[in-house]
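J.: Following the UniProt record's numbering, the numbering of the sequence shown begins with 1 at its first residue and continues without gaps.
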Amino acid sequence: MSPNKNDAGVRITRIGLYSNLGMAFAKGIGGYMFNSQAMIADAWHSMTDLASDVLTLATVSWSLRPPTDRYPTGFGKIESLGSLGVSGMLLGGGLFMCLSSCESLYAQLFLDPSAAAEMAHHGHSHGHSHGHSHVAPSLNAAWLAAGTVVVKEWLYHATMKVARERKSSVLASNAVHHRVDSLTGIVTLAVILGANFLKEAAWLDPVGGLFISLLVIRAGLGNTLSALYELADRSIDDEVKSSVRKQAQKSLVEVSEGHDVELRDVSGVKSGQNYLVDLELAVPGTWTVEDVREVENAVRTRVGSKVRGVRRVRARFTPKETTELPKFDEFIPGSSRSDAGIGPIVIQSDLHVVGEAKVDFDADFASKYKINKGVLQNDDEGSVFAPVAMWLEALDLVLKRLTDKKVPVERIKGISGACQQHGSVYWSSEAEKLLAGLEPTKPLVEQLTAALSHPYAPNWQDHSTQAECDKFDASLETADRLAEVTGSAAHHRFTGPQIMRLRRVLPDMYAKTARISLVSSFLASLLIGAVAPLDISDVCGMNLWDIGANKWSEHLLELTSGKDGVAELKKKLGEPRQDGGGSMGSISKYYVERYGFSPDCQIAPFTGDNPGTILALPLRPLDAIVSLGTSTTFLMVTPYYKPDPSYHFFNHPTTPDHYMFMLCYKNGGLAREKVRDVLPAPQGDDKWATFNKQVLETPPLDIKSEGDKAKLGLYFYLPEIVPNIKAGTWRYTCNADGSGLEETSDWGPETDARVIVESQALSMRLRSHNLVHSPSDGLPAQPKRIYLVGGGSLNPAIARVIGDVLGGAEGVYKLDVGGNACALGGAYKAVWAFERKDGETFDELIGKRWKEEDTIEKVDDGFRDGIFQQYVTVMCPSVAELHVSNNGTPVIKLPVSFLYEHILVTRRHRSPFVQRATLFEDFVVRCVRFAFASIPPRIGRVFFSKQVALPFLRWRMLRHGYFRSPVYWQEYNGRNFRGIWAVKEPVERPDIVIYYAHGGGFSMGSSAFYLEFLLSWHALLVEAGYKNPAVFGLDYTLVPDAAFPTQLHEMVHGYEHVLSLTGDASRVCVSGDSAGATLILSLLLHLESPSAGVKQQGISGLSRHLGKPGMAVLISPWPTLVSPQYKNTASDYLDEKTLQMYSAQYAGSESAVTNPLASPGSCKDIMWWEKSSPSKGVYVTYGQEEVFAPEIRNLVALLEGAGILVGAEAEAGGIHAWPVASLFLSSSTEQRLKGLRSIVSKVKEGIC
């Protein structure tokens, strides 16, 4: 059975196959019984159609398989081959049918009767033509023929619908085949009818067959040509290009600085149902890799999700200043190897650039190796890898280009470089011999293929090693301990987990591997003609090297290779070279004889790209780099080894006993721009003018005078990795000494401008403060210099705040070292390696020759006495409080945070809900909070389903002595809605009905789960004096099964049913909680203006005018689907990120998010609300601490402004839907029914 059996294309093809099989038997039996030769011939035709269906099914199923190492672009071309086969069958059948029909027509019109009969007897085929006998077929056969036409026409339309949606040529060919069958069925029907009602109607068959054959030939020829064009990689059609262009341009609007990007070209090819798209984007020449990465990710995500069929998007960036893209983009790159390409830079001893060249992997090798961005990937496994053979070819090609430029390679004294970190290359036992014996007359790729035990190298983007990472983190008990030993927690890209995975999935390959190189040592190996040792800095990116002990970790080697494989893995890895300088050997004679290098040229150790970046500055101890791009990176060189799972430590590539410290943040420039865009737009061209003004005019921590509260904030518009925390924005105030930390509401974007920059700098300071010391007597610990790079380095206000917070005893500087810092660092490393004096450090030698005045500019004085210390006073106590809630796995975090707040935190400092809750209530709400944020709705839906809820209810009833329900209830399954009906006396008309819609984020919940709540409400109504109260709980369709307006349809139909039971709308109270309360508000708006709703909002079939209910009770309504006021609170279990997902699923489209009938809080029309109000008003109850509280208060104010009778009660310390939660969680009857009693009291006042 196909693994893609649920795919629409596979499903409709299966239906067609089964239909053809059934019709073949039916027509064969019917033709025999009803004496119809035409129908018997059509039965044979249906049997031959099975071959087409089988071929279509096989190719569609096969084409949907994910890419593999061998077929990195997938199997889409299989569908093109299948389309060629199906359309070829169609074309051949049409030609044969045409010939047969012409022969029959010739016999009918030009031969005598006996010859015609003889010809018909011997020449009639079982193809698409139809034979007859002199005995007229039974008229009953006509019914069977007509049924065939109906079935085949349906199959044609259904298959073509899927084909058009998928733009699938093979499905389109098969659809046309169904249409041909339908037409031949019509001919068969005409022959049967003609034979029964007309005389001498034998000519009908060949005439109809000829007409149909021409249609078949036309369709077959067209589909055959389309399949051939696809196989020939013809460009995608203009319609797809237009859609891609449209979505790409929309994505640029959402990207910071997107207006500076120009979409120059859209191209691509079709591969089955898939489109492989190439974009050419022009960006300012000053942009960094980080800048273009944001654009690339945004474009790929938008185009891939919005243009159906797009499987791969490859972006090529060109300088905006150039009007034409040269075939090879040559610039001053450096001696580096990355995902994009390889490019050597040649410099003199004085660091002056002599020459350079570059190979762009995609531009030069994409067609041969089928790469994108230099790599291949298997999305199903999460693996990302590069063909090593491509690297071999690239080295030859780039050296040829270097010599073609007349660069004097014979004068090159030494070579070093920087390569992508974490990637690994696997050598066979033949490697040493083949490397040593390279022949200059043959290219590397022809000689070294056998030197590899594995043709691919895992790439740093790989994320297929989650299982291995979990084992690494657990191997030393905690991620903290792993970071202490290796400098980092386990990461997907790190080489140790990669080796462990490859040993598991490719055991034979691993066994045949003699040596393992990192990419840096691999390139060095090619140059010296022997397997080079690993670099002492690059080896730290493996999770295998014990940095403190300066040796391989035996425990981690055993984890990677197995208990008996440690010695073997050690041999494969070899011992790293401790000295980052000096010579590992002379350059191989291959390069001397092939390219003209001097035989005296020496090869120094190569390092990783991040260590190489540090060498390009050069960065001294106590200096820091802050990269202010879309994301933020903080780099330091330090003599102190103080690792942590939230950042990375590496050995310094040139200086023993020094380390490279690296912090990476996702929320950088994008977060600052979010705040900037809320501020009033400035006049003039500087869009940062208003933001900068607010930053500079706001004092540190916004403390204007003594006694003012300090303001601190966390602005994570994306899930953050430092700390590891979900997206969200949190604002706090505290005293100037850091005490009294409290979360607060929005204080306005003017204050946010200063606070967001401070918060980003404070995070860097917090995590680096143990690595710095006093740069001179009398100064507090801080960096000496702070170098700013990236787009944000041009902003003077940001530089000022960084100086305020981080210090910088010698100032804050803007730095520019060119477009490829790691390559330049590799070149500097070569200079130091071969020209250093005894004991001369890298910083000393390069510092003497590096002309910093050409590359840096002082932009701020840095440290300011008094202000710098002010942050220390506030930060230390406050950050400790913040940190507690943001770290740890759920299994640890839940009980630890629970015990922490109940034992270590005084009562008045606990969250409002915890202050009033029992231990059981608090712990359950914490579990629900975790589940709401972390467990998929499809799993949560199970716990709220009828199958789980009803047995749980019966168990609770038994606990309270009930063997059966004290109230009559039954499930109702109407044509347009479903629900549960509960009433005291079923045969009597109720005197009040509660029409209830349950909550659950539109994605989970059921009336069965709420039945205990509804029955308790019913009991309190009886207690309040109602004679025959009733409750109807609606079960609306959950997302993602259906989106808006399906739920509104069901709400209206359910309400209409309730009215039919009561006969009086004023006796109906509509109610709901959370998402259900939203539906109630939507219902009220619709009931007032159904025609307007139909016309303006696209709601069909709901224009009936129904009476307005007597009252509405809203429990914690979700007024507006999307609002910036939704922020997670310390008490509530709702999660703003999950709410965003639910709202998008419910709305179904971007426009519906602000549709008043989907998001009632978006309706600001006072008149509409006034007319929609129930006659007895609205009662709203909600928790003071819930996420929706700010928007609920806005809604109440809006309704009151419309003159509506509104009663609103905010439960102190209450959480979301507290009356419902209390019923299930509270220990006493009084507390369980507190919320319901308040509701019944209000209902009794309104509906007497």
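By construction, the Cβ of each residue, glycine as well, lies at the ideal position given by its N, Cα and C atoms. As the structure is a prediction and not an experimental result, all values here were calculated from the model.
Residues in its own chain within less than 6 Å of M1111 by CB, not counting five upstream and five downstream?
T.: C1069, P1174, K1176, G1246 and I1247
J.: Hey, could you find the ends of the beta strand (DSSP E) E971 is sitting in?
T.: Y968 to N973
J.: Can you tell me whether W850 is helix, strand or coil according to DSSP?
T.: DSSP, reduced to helix, strand and coil, places W850 outside both helices and strands of the structure shown, so it counts as coil.
J.: Tell me the DSSP secondary structure of Q447 in three-state form.
T.: helix
J.: Helix, strand or coil for G1000, going by three-state DSSP, please let me know.
T.: Residue state for G1000 is assigned as coil, using DSSP reduced to three classes.
J.: I need the boundaries of the alpha helix (DSSP H) containing W747, first residue and last residue.
T.: Where W747 is concerned, there is no enclosing alpha helix (DSSP H), given that its DSSP letter is neither H nor E.
J.: When DSSP labels each residue in this structure, what does F650 get in the three-state scheme?
T.: strand
J.: Residue 1251 by DSSP, collapsed to three states: which one?
T.: The structure shown does not extend to residue 1251, since the chain is modelled only from 1 through 1248, so no value can be given for it.
J.: Please report the residue range of the alpha helix (DSSP H) in which D1073 lies.
T.: Per DSSP, D1073 belongs to no alpha helix (DSSP H); it is in the beta strand (DSSP E), V1068 to D1073.
J.: Just the C-alpha distance for N1128 and A727, rounded to the nearest angstrom, thanks.
T.: 10 Å
J.: Count the other CB atoms within 10 Å of the CB of L1134; is the residue buried (16 or more) or exposed (fewer)?
T.: buried
J.: Between P1119 and E1191, which are expected to be in contact by the criterion C-beta below 8 Å, what is the C-beta distance as a whole number of angstroms?
T.: 5 Å
J.: Can you grab the Cα-Cα spacing for the pair H492 / K1234, in whole Å?
T.: Going from the Cα of H492 to the Cα of K1234 covers about 51 Å.
J.: At 3 residues or longer, and completely inside the segment 497–567: list those beta strand (DSSP E) runs for me, N to C.
T.: Counting only unbroken stretches of 3 or more residues, the beta strand (DSSP E) elements lying wholly within the segment 497–567 are 515–518, in sequence order.
J.: What whole-angstrom Cβ distance do residue 1254 and D702 have, given they're in contact under 8 Å?
T.: No answer is possible for residue 1254: it lies beyond the span of the chain, which begins at 1 and ends at 1248.
J.: Kindly provide the ranges of any beta strand (DSSP E) runs that are 3 or more residues long and lie completely inside the segment 245–282, ordered along the chain.
T.: Segments of the beta strand (DSSP E) lying fully in the segment 245–282: 262–271.
J.: Scan the segment 752–824 and note each continuous beta strand (DSSP E) run of 3 residues or more that stays entirely inside, going in chain order.
T.: Within the segment 752–824, the complete beta strand (DSSP E) runs of at least 3 residues are 785–789 and 811–815.
J.: With a cut-off of 8 Å, do at least 3 Cβ pairs link the segment 1034–1046 to the segment 1001–1012?
T.: Two segments are said to touch when three or more pairs of C-beta atoms, one from each, lie closer than 8 Å; by this definition the segment 1034–1046 touches the segment 1001–1012.
J.: Can you give me the start and stop residues for the beta strand (DSSP E) that I980 sits inside?
T.: Element bounds for I980: R978 to V983.
J.: Would you call V675 buried or exposed, if buried means 16 or more other Cβ atoms sit within 10 Å of its Cβ?
T.: buried
J.: Hey, quick one: how far does the beta strand (DSSP E) through Q420 stretch, first residue to last?
T.: Neither: Q420 is in no beta strand (DSSP E) and is coded neither H nor E.
J.: Note down the Cα distance separating G707 from T698, rounded to an integer number of angstroms.
T.: Straight-line Cα distance between these residues: approximately 16 Å.
J.: State the Cα-Cα distance for the pair P1219 and I1115, rounded to the nearest angstrom.
T.: 8 Å
J.: At what residues does the beta strand (DSSP E) containing S383 begin and finish?
T.: S383 to P387
J.: For the beta strand (DSSP E) holding A710, just list the boundary residues, first then last.
T.: Looking at the DSSP string, the run of the beta strand (DSSP E) that includes A710 is A710 to F716.
J.: Thinking C-alpha only, which one of T1229, S627, L444 and L1020 is nearest I1239?
T.: If we check each option's Cα against that of I1239, L1020 comes out closest.
J.: Apart from the five residues just before and just after V261, which ones in its own chain have a Cβ nearer than 6 Å to its Cβ?
T.: L252, L281, V283 and V295
J.: For a test of the three-state rule: what should DSSP assign to T638, helix, strand or coil?
T.: strand
J.: Going straight from the alpha carbon of G826 to that of G839, what length do you get?
T.: 20 Å
J.: Using a 10 Å radius around the Cβ and a threshold of 16 neighbouring Cβ atoms, would you call N770 buried or exposed?
T.: N770 is exposed by the Cβ-count criterion.
J.: What residues are listed by DSSP as bridge partners for M957?
T.: DSSP, once it has assigned bridges, lists no residue as partnering M957.
J.: How long is the line joining the alpha carbons of R1193 and L1139, rounded to whole angstroms?
T.: 18 Å
J.: Taking Cβ to Cβ, would you say T449 is nearer than 9 Å to P440?
T.: Remark: C-beta atoms of T449 and P440 do not approach each other more closely than 9 Å.
J.: May I ask which residues mark the beginning and end of the beta strand (DSSP E) holding C734?
T.: G728 to C734
J.: Using the rule of at least 16 other Cβ atoms within 10 Å of the residue's Cβ for burial, across every protein chain shown, is H648 buried or exposed?
T.: buried
J.: Would you report the Cα separation of I992 and G1063, rounded to the nearest angstrom?
T.: 11 Å
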